[in-house]
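Just so you know, we're using my numbering here: the sequence shown kicks off at 315 and counts up by one. First up is the structure itself, then whatever we jot down about it.
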Amino acid sequence: MRPKKQRTTGSGDLFRARLDQIINMKHELVQLAGKVDWDWIDGEIAPLYSENGRPGIATRFVIGLLLLKQIYGLSDEGVCERWVHDPYFQYFTGEEFFQHAFPHERSDLSHWRKRLGDKLELLLAESLRVAHEAGALRSQDLKRVTVDTTVQPKAIAFPTDAKLLHAAIRGLNRLARKHGVRLRQSYLRIAKTAAMMAGRYAHAKQFKRHQRQLRILRSRLGRIIRDIRRKIEGQAVLENAFALPLGRASQIRSQQQRQRGWKLYSFHAPEVECIGKGKAAAPYEFGVKASIVTNNRRAPGGLFVLHARALPDNPYDGHTLRDVIDRTETLTGCAIERAYADKGYRGHDAQNPRRVFISGQKRGVFGIIRRELRRRSAIEPIIGHLKTDGHLGRCYLKGRAGDAANVILSAVGHNFRRILAWLRGLWRLFLATLIAAISDRSPLQSAS
315 MRPKKQRTTG
325 SGDLFRARLD
335 QIINMKHELV
345 QLAGKVDWDW
355 IDGEIAPLYS
365 ENGRPGIATR
375 FVIGLLLLKQ
385 IYGLSDEGVC
395 ERWVHDPYFQ
405 YFTGEEFFQH
415 AFPHERSDLS
425 HWRKRLGDKL
435 ELLLAESLRV
445 AHEAGALRSQ
455 DLKRVTVDTT
465 VQPKAIAFPT
475 DAKLLHAAIR
485 GLNRLARKHG
495 VRLRQSYLRI
505 AKTAAMMAGR
515 YAHAKQFKRH
525 QRQLRILRSR
535 LGRIIRDIRR
545 KIEGQAVLEN
555 AFALPLGRAS
565 QIRSQQQRQR
575 GWKLYSFHAP
585 EVECIGKGKA
595 AAPYEFGVKA
605 SIVTNNRRAP
615 GGLFVLHARA
625 LPDNPYDGHT
635 LRDVIDRTET
645 LTGCAIERAY
655 ADKGYRGHDA
665 QNPRRVFISG
675 QKRGVFGIIR
685 RELRRRSAIE
695 PIIGHLKTDG
705 HLGRCYLKGR
715 AGDAANVILS
725 AVGHNFRRIL
735 AWLRGLWRLF
745 LATLIAAISD
755 RSPLQSAS
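Here it is as structure tokens:
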């Protein structure tokens, strides 16, 4: 009788030893929750809390909810609704037992976005740290970057004169009703008809009739402005409440279509700017300019957003490059060796101009620099993903602070989506290797 062969520990046994761990592995979202340093985030945000009053909401809950919203491109209401039905969402936000009702108010997300303010860049830094720890991003990928700008559109209608005048009339009437100011006449029905007919006449190229409807809207708006000023004269509280709306309405009434200088493009969002990027489909976009920085060379996990920032007042791209590079180095903790940009950055103010290469540049472009300069356009699909998969395509947050927060959070969501895709790929690779190892084992030898 042949003695039994002594069994040695091989690759099959190692995979079998890991099988229990694989079976217990949950969704890649659970893995991500274990990689995020919640204690560090809590320590950085702790100064924002007050020692007085009732206990605040747990940091992990709100930060986790903000991350989930950006990762999956949900609204505030949508992420709260999905949290109730998704156990992985609840685990990501720190819950130990399944909850059947949302424990807080939806408006807490808005309050926390305002409270965080500049601290939102901590989430961007944490996303880069998690990517580096997971192996999706290497330190050498941070040394050569691509810089570009885009427009973050605001949630407003296209600002025609008729729409602006009609919005101002409705806004002043709404504010008058709120403060109990009784107007002599509201002109709401006349303004609605005039705005509708102005659009029809403009479409039919009947511009004399179109101008007549605009004159009707301007005259009625002027009457409402004068009526409100007479009614609130001498009342300090009402004068303070109506100061900004009356100023906006007066600006809308007086501005012309082709005038030079500052113009108002939205009654409820005065921070909106008209930005022309030279696109055939959208010659003008209404919102705020945003700067995006990505790694030039493709990292193992793809292209990550290393820095994102809103640029109000529509500055020239070249005048922002120095500050963008400095902020990126501060955020990543790695000095930038080379930066690549498009022709909109000509005449830039970078501290080391020889390390900045512009698209179409010939002098000093050779070898690896030429290959990296060709990859400058790889940032364009990243901006597209930020707009389609994230919230950069349309900002619904209020004011300049909302614009700044939306840009950073969209970048954070993109980075975590790349990390989840990287973890998902590792899981599939490991599972495929396990299946191959098990299937390659020789079957039992049949009796000869």
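All C-beta atoms, glycine included, are put in the ideal place defined by N, C-alpha and C.
Asked                                                                                                              : Found
Segment limits, alpha helix (DSSP H) that includes Leu635                                                          : 635-646
Three-state secondary structure assigned by DSSP to Val602                                                         : strand
C-alpha distance - Ile722 paired with Trp426, whole-angstrom precision                                             : 14 Å
Leu497 and Phe581 closer than 8 Å at C-beta                                                                        : no
Option in Ala719, Arg708, Leu700 with minimal Cα separation from Phe730                                            : Leu700
Extent of the continuous beta strand (DSSP E) to which Glu587 belongs                                              : 587-589
Same chain, Cβ closer than 8 Å to Ile606, five either side skipped, listed in chain order                          : Val461, Asp462, Thr463, Thr464, Val619, His621, Ala622, Ile693, Ile696, Ile697, Leu700, Ala725
Beta-carbon proximity list for His493, same chain, < 7 Å, skipping 5 on both sides                                 : Leu552, Ala555
Own chain residues within Cβ distance below 7 Å of Leu451, not counting five before or after                       : Leu442, Ala445, Ala613, Gly615, Phe618
Beta-carbon proximity of Ile589 to Gly601, cut-off 8 Å                                                             : yes
Contact between the segment 342-362 and the segment 421-437 (3+ Cβ pairs under 8 Å)                                : yes
Distance CB(Ala583)-CB(Ile470) smaller than 8 Å                                                                    : yes
Residue range of the unbroken beta strand (DSSP E) whose run includes Val465                                       : 458-467
Enclosing beta strand (DSSP E) for Ala655 [first to last residue]                                                  : 652-655
Where Tyr515 falls, given that 16 or more other Cβ within 10 Å makes a residue buried                              : buried
Glu409 versus Gly707 - alpha carbon distance                                                                       : 32 Å
Segment limits, alpha helix (DSSP H) that includes Phe730                                                          : 713-753
Close-in-space but distant-in-sequence residues of the same chain around Gly713 (CB under 7 Å, 5 per side omitted) : Glu585
Cβ-Cβ distance between Thr608 and Leu456 below 8 Å                                                                 : no
Coil, strand or helix - His399 by DSSP                                                                             : helix
Exposure of Glu440, with buried meaning 16 or more beta-carbon neighbours within 10 Å                              : buried
Buried or exposed by the 16-neighbour rule on C-beta atoms within 10 Å, applied to Phe416                          : exposed
Close Cβ partners of Leu535 (< 7 Å) along its chain, the five nearest in sequence each way excluded                : Leu479, Ala482, Ile483, Ala563, Arg567
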